[in-house]
Amino acid sequence: MCYPAGTRGLRGRVIRVCCTERNADGKWKATEATDGGYRYYNLTEDTVLSFALSVYEALRTADRWATQFRSLDVGCRLDISAKEPGGPLFVNEVTRWYRADYFSDYCTGEPHTLLCSAYADAWVRYAGPCYVG
Numbered sequence: 083m084c085y086p087a088g089t090r091g092l093r094g095r096v097i098r099v100c101c102t103e104r105n106a107d108g109k110w111k112a113t114e115a116t117d118g119g120y121r122y123y124n125l126t127e128d129t130v131l132s133f134a135l136s137v138y139e140a141l142r143t144a145d146r147w148a149t150q151f152r153s154l155d156v157g158c159r160l161d162i163s164a165k166e167p168g169g170p171l172f173v174n175e176v177t178r179w180y181r182a183d184y185f186s187d188y189c190t191g192e193p194h195t196l197l198c199s200a201y202a203d204a205w206v207r208y209a210g211p212c213y214v215g
């Protein structure tokens with residue numbers, strides 16, 4: 083689907099929100115975010131999604147987009163944290179699409195292809211008639 087009003091004919095979307103935290107053994111675990119998890123951190127799903135999309139679009143419209151951020155038109159993973167319950171939110175890390183599947187085994191169901199499929203669709207949009215670059 084093309085988005086004429088989107089940046090270069092494309093628009094960001096959130097595929098999956100994962101919650102990462104340390105378990106009792108001190109090891110990191112990642113699970114799909116739930117309503118209970120949002121409440122625990124005194125956040126809402128809409129707050130997190132809106133923040134993620136606004137950061138993503140800001141990166142895609144940056145002055146140095148063509149030389150430093152062009153791969154973000156295909157996609158990325160944003161690691162977002164909250165300073166404290168309720169926010170403010172901030173970005174820990176931006177991971178380009180080609181390394182962004184790190185948590186897919188934990189946050190997606192079998193056969194764990196949700197993120198790969200989403201990036202394949204994004205490549206079709208990027209390389210196809212939607213892209214205005």
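Numbering (this note's numbering), first residue to last: 83 to 215.
Ideal Cβ positions, reconstructed from N, Cα and C, are used throughout, including at glycine.
| Asked | Found |
| --- | --- |
| Supposed contact pair Thr113 and Cys101 - C-beta distance, whole angstroms, cut 8 Å | 6 Å |
| Residue-chain proximity (Pro167, chain C), Cβ-Cβ < 9 Å | No chain C is part of this structure, which consists of one protein chain only. |
| DSSP-derived helix/strand/coil call for Glu127 | helix |
| Cβ distance (whole Å) where Thr177 is taken to contact Cys158 below 8 Å | 6 Å |
| Span separating the alpha-carbon of Thr116 from that of Thr143 | 31 Å |
| Cβ contact (3+ pairs, closer than 8 Å) linking the stretch 162-169 and the stretch 143-153 | no |
| Residue burial classification, Tyr180 (beta-carbon count within 10 angstroms, cutoff 16) | exposed |
| CA-to-CA distance, Pro193 to Ser136, given in whole angstroms | 30 Å |
| Anticipated Cβ contact below 8 Å, Arg93 with Leu196, distance rounded | Arg93 to Leu196, Cβ: 19 Å. No contact. |
| Assigned exposure category for Tyr219 - 16 Cβ within 10 Å defines buried | There is no way to answer for residue 219, as the model of the chain reaches only from 83 to 215. |
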